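Worksheet: the structure to be examined is printed underneath.
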Amino acid sequence: MRVLVTGGAGFIGSHLSERLLGAGHDIIIIDNFNEFYEPQLKRRNFAAVAAAARTGQGDVTLCEGDIRDGEFVAAIFTQEAPEAVVHLAAAAGVRPSIQDPLFYEEVNVRGTMLLLEAARKAGVRPFVLASSSSVYGDNPKVPFSEEDSVDNPISPYAATKKAAELICHTYHHLYRMNIACLRFFTVYGPRQRPDLAINKFTRLIDAGETIPFYGDGTTSRDYTYIDDIIDGVERALDWVCGDEPRYDIFNLGESRPVELGRLVETIEKALGTKARIERLPLQPGDVQRTYADLAKSTAILGYCPKTSIEEGIRAYVRWYRENQER
Ligand SMILES: NC(=O)c1ccc[n+]([C@@H]2O[C@H](COP(=O)([O-])OP(=O)(O)OC[C@H]3O[C@@H](n4cnc5c(N)ncnc54)[C@H](O)[C@@H]3O)[C@@H](O)[C@H]2O)c1
């Protein structure tokens, strides 16, 4: 199958592209290598994908450009003839979305609509959207179920992800597109974005620098190892390739929340270095906890994550040591 992966040079997109190439699919990547974090890191991610294409069964085509450019996106559907879409490109991150909400709206809402329009016009029905656990806001009920209300997002990022889920539903309803919206719970592992806590903490602790520690250490996150997420995305891609028109929302997490204090201890242990901590107040937009209920994604997709935080952090630190020049 020919799969269009938007954001394919990013953290999750590059892992997914490698996995799909290994399974014999041809990949078309859209990425604009923007400066949200060092574009050089994304070039290296893409180099790894290109290397996987040389050794695997599938081919990769890179289309460098912006999903907000409707003509560019439409031309890719005409020229490259994808048969399915995994839409990962986005303006990511909660805190920066508070600084620049309109940019988040442009990329995450308008960009998603342009892709859906191009897919619809080209008759491409299978579509997977990267959503986020942030849509749950400060949900008091745990674990977070897909049935819970997500009407109270507390950051522009979360609101744009919820908007993208809604637009996907509209395209499913009107045009019988098959769509899975995947709510990722904090993803980590090799190539993790530098703005995310595990990457940032590992670098700072290793350099003997102080880490910012927001709140009293009891906030918790359902950290999800990259291999488990990729397994879930692959399963969702199979699901959207089914015959009957379908739309659904799935949590992809570990369902094992970890408090911030324990996260820091786990990284300290893996690095063999004690952290220097600067205690700071909780940041606007940050939620108290995330915790995925996986009953639905297990029942429908067969999703079954395997990686404990200890195992995942050890694997991350191993990769960090081998790639320190990054
Ligand atoms: N990493 C997480 O913990 C996490 C959690 C929840 C949801 N998500 C979602 O998963 C997806 C992938 O996240 P990631 O962590 O791999 O991020 P990432 O920033 O590493 O990857 C996103 C890629 O998209 C590209 N991109 C961004 N805007 C673009 C545009 N306008 N046109 C073309 N390309 C563009 C970037 O250059 C980047 O390579 C995003 O939709 C994100 O919101 C991630």
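Per this note's numbering, the very first residue in the sequence shown carries number 486; after that it's consecutive.
The beta carbon of each residue, even a glycine, is placed where N, CA and C say it ideally should be.
What you are looking at is a predicted structure, and each value in this text was computed from that prediction instead of being measured.
Contact check, residue i vs residue j, beta carbons under 8 Å
i, j, result
"Gly507", "Ala537", "yes"
"Met598", "Ile652", "yes"
"Ile552", "Ile515", "yes"
"Glu549", "Phe521", "no"
"Tyr710", "Gly797", "yes"
"Val725", "Phe612", "yes"
"Ile583", "Pro697", "no"
"Ala603", "Val620", "no"
"Arg668", "Leu737", "yes"
"Ala569", "Val627", "no"
"Glu678", "Phe531", "Checking the displayed sequence, the identity of residue 678 turns out to be Arg instead of Glu. Not a contact, by the Cβ cut-off of 8 Å."
"Leu501", "Ile715", "yes"
"Gly746", "Asp680", "no"
"Glu694", "Asp713", "no"
"Glu631", "Phe557", "no"
Residue environment, residue i, which counts as buried when at least 16 other CB atoms sit within 10 Å
i, result
"Asn663", "buried"
"Cys666", "buried"
"Asn637", "exposed"
"Arg585", "Checking the sequence shown, residue 585 turns out to be Asp, not Arg. That one is exposed."
"Arg803", "exposed"
"Pro766", "exposed"
"Pro641", "buried"
"Asp701", "exposed"
Length of the line joining the Cα atoms of residue i and residue j
i, j, result
"Arg799", "Ala755", "6 Å"
"Val592", "Tyr673", "23 Å"
"Gly608", "Asp511", "18 Å"
"Gly622", "Leu614", "19 Å"
"Arg580", "Asp771", "8 Å"
"Glu795", "Thr751", "6 Å"
"Leu526", "Asp691", "20 Å"
"Met486", "Val635", "34 Å"
Delimiting residues of the beta strand (DSSP E) encompassing residue i
i, result
"Arg668", "663 to 669"
"Tyr699", "695 to 699"
"Leu614", "611 to 617"
First through last residue of the alpha helix (DSSP H) which encompasses residue i
i, result
"Asp723", "711 to 725"
"Leu737", "Note, Leu737: premise wrong, no alpha helix (DSSP H); beta strand (DSSP E) at 732 to 737."
"His500", "496 to 507"
"Val534", "524 to 540"
"Thr687", "682 to 691"
* Who's in the neighbourhood of ligand 1, going by beta-carbon under 5 Å from any heavy atom, listed in chain order? -> Gly492, Ala494, Gly495, Phe496, Ile497, Asp516, Asn517, Asn519, Lys527, Asp551, Ile552, Leu573, Ala574, Ala575, Ala577, Val592, Ala615, Ser617, Phe669, Thr671, Val672, Arg678
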